[in-house]
Structure formats: C-alpha cells, structure tokens
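> Protein chains in written order, with this note's numbering: chain A, 180 to 500; chain B, 180 to 500.
There are 2 protein chains.
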Amino acid sequence: MGLDVEALLEKAQQGDKRSTARLISGVEAGGEAAETVLSRLWPHTGRAKVIGITGPPGSGKSTMTDKLAKYWRAQGLRIGIVAIDPTSPFSGGAILGDRVRMSDLTLDAGVFVRSMGTRGQLGGLSSACVGAVNVLDACGCDLVIIETVGVGQSEIEVVNVADVVAVVTVPGLGDDVQAIKAGIFEIGDLFVVNKADRPGADRTASELRSMLSLEEDERKRRMPVLLVTAAQNEGIEKLCQTMERLFDSMQESGMIEQRRSARLRQELLTLIQDEFGRRVINPVLTSPAFQEDFDNFLARRENPYLWVGDMMNKITEGRLL
Amino acid sequence: MGLDVEALLEKAQQGDKRSTARLISGVEAGGEAAETVLSRLWPHTGRAKVIGITGPPGSGKSTMTDKLAKYWRAQGLRIGIVAIDPTSPFSGGAILGDRVRMSDLTLDAGVFVRSMGTRGQLGGLSSACVGAVNVLDACGCDLVIIETVGVGQSEIEVVNVADVVAVVTVPGLGDDVQAIKAGIFEIGDLFVVNKADRPGADRTASELRSMLSLEEDERKRRMPVLLVTAAQNEGIEKLCQTMERLFDSMQESGMIEQRRSARLRQELLTLIQDEFGRRVINPVLTSPAFQEDFDNFLARRENPYLWVGDMMNKITEGRLL
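#1: Considering Ile415(B), what are the terminal residues of the alpha helix (DSSP H) in which it resides?
#2: Please confirm whether Phe426(B) has its beta-carbon closer than 8 Å to some beta-carbon of chain A.
#3: For chain A, find out if any of its Cβ atoms is closer than 8 Å to the Cβ of Met491(B); answer yes or no.
#4: So which residues of chain B does Val459(A) contact, with C-beta pairs closer than 9 Å?
#5: Note down, in chain order, every chain B residue with its Cβ under 8 Å from the Cβ of Val340(A).
#6: Skipping 5 residues on each side, what residues in its chain have a beta carbon closer than 7 Å to that of Trp486(A)?
#7: Whose C-alpha, out of Thr383(A), Ile366(A), Phe469(A), is nearest the C-alpha of Lys374(A)?
#8: Arg480(A) by DSSP, collapsed to three states: which one?
#9: Using 10 angstroms around the beta-carbon of Gln411(B), count the other beta-carbons present and answer buried if the total reaches 16, otherwise exposed.
#10: With a cut-off of 8 Å, does the C-beta of Arg479(B) fall near any C-beta of chain C?
#11: Do the stretch 443 to 452 of chain A and the stretch 303 to 311 of chain A touch if we need at least three Cβ pairs shorter than 8 Å?
#12: How would you write the range of the beta strand (DSSP E) that Glu177(A) sits in, first residue to last?
#13: If you follow the beta strand (DSSP E) that Leu369(A) is part of, which residue opens it and which one closes it?
#14: According to the neighbour-count rule (16 or more other Cβ atoms, all chains shown, within 10 Å of its Cβ), is Ala478(B) buried or exposed?
#15: Identify every residue that forms a DSSP beta bridge with Arg382(A).
#16: Sorry if obvious, but does the Cβ on Thr224(A) come closer than 7 Å to a heavy atom of the ligand FAD?
#17: Flag this pair as yes or no: are the beta carbons of His405(B) and Val371(B) separated by less than 8 Å?
#18: I'd like to check one pair, Thr233(B) with Thr327(B): are the Cβ atoms closer than 8 Å?
#19: Find the nearest neighbour of Met434(B) within the set Val216(B), Val206(B), Lys399(B), judged by alpha-carbon distance.
#20: DSSP on Ala288(B), reduced to helix/strand/coil?
#21: Give the residues of chain A in contact with Glu222(B), contact being defined as C-beta atoms less than 8 Å apart.
#22: Mind pulling the chain A residues with CB within less than 8 Å of Ser218(B)?
#23: Name, please, each residue of chain A whose Cβ falls closer than 9 Å to the Cβ of Phe370(B).
#24: Just how far apart, CA to CA, sit Asp342(B) and Lys228(B)?
#25: Rounded to a whole number of angstroms, what is the C-alpha to C-alpha distance between Val290(B) and Gln437(A)?
#26: Taking the C-alpha atoms as reference points, what is the distance between Leu202(A) and Leu286(A)?
#27: So does the stretch 407 to 425 of chain B actually touch the stretch 242 to 257 of chain B, counting three or more Cβ pairs closer than 8 Å?
#28: Measure the alpha-carbon distance for Val184(A) versus Gly310(A) and round it to whole angstroms.
#29: Quick one: which unbroken alpha helix (DSSP H) runs of 4-plus residues sit fully inside the stretch 204 to 235 of chain B? Chain order, please.
#30: If you count every other CB in all the chains shown that lies within 10 Å of the CB of Gly319(A), and 16 or more means buried, which is it?
#31: Check Val261(B) in the structure and name its three-state DSSP category.
#32: Let me confirm a value: Asn461(B) is counted as buried when at least 16 other C-beta atoms fall within 10 Å, else exposed. Which label applies?
#33: Applying the 10 Å Cβ sphere with the 16-neighbour rule, what's the burial state of Ser428(A)?
#34: If you reduce the DSSP assignment to three classes, tell me which class Gly296(A) lands in.
#35: Give me the residue from Pro378(B), Gly351(B), Ser392(B), Gln254(B) with the minimum Cα distance to Glu365(B).
#36: State yes or no: is the beta carbon of Phe291(A) nearer than 8 Å to at least one beta carbon in chain B?
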C-alpha cells in the first residue's frame, strides 16, 4: 500500500481531513497494511472518549448525533463520528453514505464524519470500527461518537467498543421492534426517549424505567432515562452533561479502564486470528493437498473434524510450516 | 460431557425427540464436546435439504414456517425447524422461546422444533445453527427449515447455510425497515409477499420484481416473487412446489453443491479457529507473562501489534508451545 503513516498522521493532527480519511481507508482495507497503520498509530491512541449511540431504525439517531456533535464542538472539542449504515446490496455502498443531514457538520474543520457500511468490511465490521476509532483518536479527536442501528449481533458488538453507550428509543414502536430492541438494553449506560414531543413519551420513559430497575439492582448503579427532542435541540445540553458526568463517575469507579481493557483484549484476539488466518490457514486451505481432502469431506469419505485435530497437532508441534 | 453419541443418534433416528434435543444441546455447548458430537455425526450428514426463511420483524415468518412444515409433513417428510429468536437480555433465553404458535406441530412425532437465542451461543450463533442443522440431518430429517429475522449481519450469515433461501416481506413497511431489508435481498433465491390480503400487496410485489431485475441479470436466473397469505394457508402449496422446483434446478446447475461446499469451507474455518483458540490463544492469554505485557499495552509502553507478530513467528517456528 505504501502509505506514509507518519506524514499522514502529522497532517491529520493539524486538521487535514484528507489525511485522516486515507488512514481510515488503510485500516478498512484490512490485512497486513491495516496492521502496519494501526501499529504505527498505537502510541498516539488512548486519549479520546468514545461514545456509542444505538437504537432501532427510525429513532432519530443521526439527528441526535448531529446535535451532540454540535454541542461539544461549541465547547471547543474536536469530534470524530463513525456512522455505521445498513449496506445496500446492489451498490455495495452504505445506503445513507452521504449523510445528507450532517452536511453542515462536515464543513466544520473540527468534525470528521466517516460512514461505514455493515457489510464488505474485509476484516469484519467490528474490527473496521475499532480501527477507525483508533485512527480518529490518534489524529487528535477529543471525542469519538459511534452511531449504529441496534438490531443485530454484529451491530451490538460494534457499540461495545464505546466507553459510554446511549440507547435511543421513541414513543410508539410496535411490539416486534420492541422485542429486538430488548437485545440492546443490556449494553446501555443511559437511555434516551427521543421525539419526546410525540404523545406517549412519558409512558415510554416510565416503561423503560421499570424495565431497567432489575438491571440497575444488578449493576448497582442508576441508569438515567432522558427525554429529548433532538430535531428541536430540546434536552441535548442536559443529555451531554449527563453523559459527561456518567463518564466521570465510570472513570472514578474504574469501569472505563475495565471496558477499555476488555476492548483491547478483544482487539488482540481478532489480531491474532487474522494473522493466524493469513500466515497459517490460508496457505493450508489453498494447497492442492487440501483440495483432495476437501473433496473427501464433501463425499463423507473423510472426517473434517479429525482432520482439524491432526492439523492442530502439526501446528503445535511445529511440523506444519 | 460424556454423551453417548451413538446411542443417542440411534434413538433420535427412531424418532426420540429427547435424544435429538440432547445432541443439539451438546453442540450448542460449544468447545471440545461439541466437536466430538459433530465428528461422530459427520458420516450421517449431507442428506437433508435445508431451507432458510428470513425477513423483517412482523412479516409473519413463524406462521409461514408453520404452514410449510405442515405441507411437507403431509407429504410424509420428516421435518426439523431451527428458529432463531431475538434473545431477551434479562432472562438470557429466547423471547419467543416456547414458540406458542407451533405447539400443534411439536406434538407431531415427525417434526422437531428447536428455538435458539441470538446471543449466548458459546461458539457463536452461526456455528450453533450449522451444528443444529447437522444434528437434525444426521437424525433423519429430510428437510430442515431455518427461520430467522433478517436484520443483522450475524442473522444473515445464519441463513447463508441454507440450500434455498426465501425472503419474506409484507405490504406497507416503513422506509427505515425497507433500508435494512435491502441488506437481505442478495441472499434470497425467492421472495414472498406475505399477508397478501392486505392492501398494497400487488404493488409491493411489483416493486420487488423491479428491484430484483438487476440482480436477475447478474445471476442469470429468475427469482420468483410469490403472493402468500400464510395465516389463511393461501399460496402455501404453490410456494412449497416453487421451492422444490428451485431446489431441483439449483441442484442440476451445480449450485447446491457449490453452496454446500462454501458452507463446509466456512465450517472448517470456524473449527480451525476454535481449536486454535482453545489450544494456543487461551493458554497464552491466561499466562502470567501475558498479564505483564497487557498492562504495558494499556499504558502504551509496548505495542500489541508488534507483540502479535512476534507470537506468530514463534508459532510458525514451533517455538511457542
């Protein structure tokens, strides 16, 4: 790939968005090149606060992210946004890729917005997202917001890299959506009822509070529920301040460190598996000898489970490569 | 674990559901025990046809699965159903776990229904689902139906193990859902507009047809779009017959074999990574030496990317273990 990582980083830290974009693209490409970029950036990471925003489709996450970014921008912070969009299968790109609603933010030199499709990330969505967060962190963002629709396992994993996670809902969602949404409750640190000018907002909030009471007992801390009307900028300041206080108290109790440590552990596992895939599995699975074995598996003449055991023995005994 | 796999398999093949259930539980538990079960069952697999049903929440997938199962059951086939449900975060179990609507099916000795939560599968949802399909196949099911809500990356991967995939939709879904649903178009072999007695069904079907025309050009085959009202059993016979014909033509063109081969390759990759994790990564990551390295990573005194490279060198040179 031949990216001059140090030169790009220096320019990016001075606010050059094109350099930031090139570093993220390098990471998104996956493989050895991505590892080189991330390895070089590593000493510069660990300073940004990472906020995750998730919720069902139609809950107004993009608008809310937009308003949060503007609030913190006004406090003088540099902001990075990683927006995970459902991917269009036909174009291959992110459906909301141009993020029309954020266009005025992208004109601000202190805000960097990156959209990422849910599919087609070579090393997996989760690792592309962690990579982008690390790049933004190294490039000098004080705050990185990850925004993702909270409907699937991978999407939930993505938000797991955040220090503080806000789960957004709206009044009057159907039962079915409710059921799916349930899957994202346990990852939330605070909860937002958006579009609070709609009828039923108070009821949604109190339903949320009662659903959360069990979880609060278990975690031994309160999980705030806030009413917000993001489109009218109502409740945004309070939401931001609540997040800041939450971050501080989670840092004090050691929970932020604990979460970052879990994230790094997960990153390491992915790294090791990627390297193992590249250096060990791929050469094996593309060898002519394997093709013969594979045909025997398909025909049920040989057992792939036994074959894997044999191969692992060879690896651990240093006999394979 | 000490499961007597052969004894359980023999009973399961004779129609004993408890034995089938125990084999699936063994597989769901993941790890070495799961591999033992799957390895023993391997010679008995490869006969069942596997059908995937997916679509957005509220599209009536469960009702449809129920009717399909009844149709094929009436043809004398033995049926297995793997229903992937969104998991409740508080109970840890599948929200629709009891599958109330299928209760009359579960009384039928020739139908085996298994619900699986989207989370908490130790070896990952995808591998738990493949495992369950393999068990049902080995236990003598002629047909296995996988039903899953098509909203997330993992959920989509699950349906990828099927020979033939039906994507279900309904008239009048909102735009947001439409966007997510788009992500599942490319995995469909045929498309169903369910609840076709609702207004707008014909329009939904023709919208579908026009969305699919590009894809059809690329794949060089037609992708049927059918109108069904599953709750009234309308269109079910035609749907089943279309699926059967589709399976036959896909088998003739070699596509079924190609898909099963891709599935096995994926399974092998997962197997290898699991074994590698168990035998190599876990011992490393739980060693006291690693804890020191890890603290240095967190403090940015050492670089985890370089560390991974070193470790891989040791592995490939047989110096690690």
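For each residue, glycine too, the CB sits at the ideal point set by N, CA and C.
Looking at the atomic coordinates:
#1: Counting along the chain, Ile415(B) sits inside the alpha helix (DSSP H) bounded by residues 415 to 431.
#2: No, Phe426(B) lies away from the interface with chain A (no Cβ there is under 8 Å from its Cβ).
#3: The beta-carbon of Met491(B) is placed less than 8 Å from the nearest beta-carbon of chain A.
#4: The CB of Val459(A) comes closer than 9 Å to the CB of Ile451, Phe455, Met491, Ile494, Thr495 in chain B, given here in chain order.
#5: Per Cβ cutoff of 8 Å: no residues; Val340(A) is ~15 Å from chain B at best.
#6: Cβ-Cβ distances below 7 Å link Trp486(A) to Asp472 in the same chain, with the five nearest sequence neighbours on each side left out; the list follows chain order.
#7: When each option's Cα is compared against that of Lys374(A), the closest is Thr383(A).
#8: Coil.
#9: By the 16-neighbour rule on beta-carbons within 10 angstroms, Gln411(B) is exposed.
#10: Among the chains of the structure shown, chain C does not appear; the protein chains present are A and B.
#11: A contact exists between the stretch 443 to 452 of chain A and the stretch 303 to 311 of chain A.
#12: The structure shown does not extend to residue 177(A), since chain A is modelled only from 180 through 500, so no value can be given for it.
#13: 369 to 372 is the span of the beta strand (DSSP E), which, as asked, contains Leu369(A).
#14: In summary, Ala478(B) is exposed, with fewer than 16 beta-carbon neighbours lying within 10 Å of its beta-carbon over all protein chains present.
#15: DSSP lists no partner for Arg382(A).
#16: Although the ligand FAD was asked about, the structure shown includes no ligands whatsoever.
#17: A small fix is needed here, since residue 405(B) is Leu in this sequence, not His. Cβ distance < 8 Å, so Leu405(B) and Val371(B) count as in contact.
#18: One thing to note: Thr327(B) has its Cβ within 8 Å of the Cβ of Thr233(B).
#19: It is Lys399(B).
#20: DSSP places Ala288(B) in coil when its eight states are reduced to three.
#21: In the sequence under discussion, the amino acid at residue 222(B) is Pro, which differs from the Glu named in the question. Arg479, Asn482, listed in chain order.
#22: Here the neighbours are Asn482, Tyr484, Leu485.
#23: Neighbours of Phe370(B) on chain A: none; closest Cβ ~13 Å, over 9 Å.
#24: C-alpha separation (whole angstroms): 7 Å.
#25: Cα-Cα distance, rounded: 47 Å.
#26: Distance from the CA atom of Leu202(A) to the CA atom of Leu286(A), rounded to whole angstroms, is 20 Å.
#27: Yes, they touch.
#28: Computed Cα separation, rounded: 14 Å.
#29: The stretch 204 to 235 of chain B contains these whole alpha helix (DSSP H) runs: 210 to 220.
#30: Answer is buried; the Cβ neighbour count reaches 16.
#31: Correct three-state label for Val261(B): strand.
#32: Around the C-beta of Asn461(B), fewer than 16 other C-beta atoms lie within 10 Å, and the residue is accordingly described as exposed.
#33: An exposed status is given to Ser428(A), since fewer than 16 other beta-carbon atoms sit within 10 Å of its beta-carbon.
#34: Here Gly296(A) carries a strand assignment [DSSP, helix/strand/coil].
#35: Comparing Cα positions, the closest option is Ser392(B).
#36: No, its Cβ sits nowhere closer than 8 Å to a Cβ of chain B.
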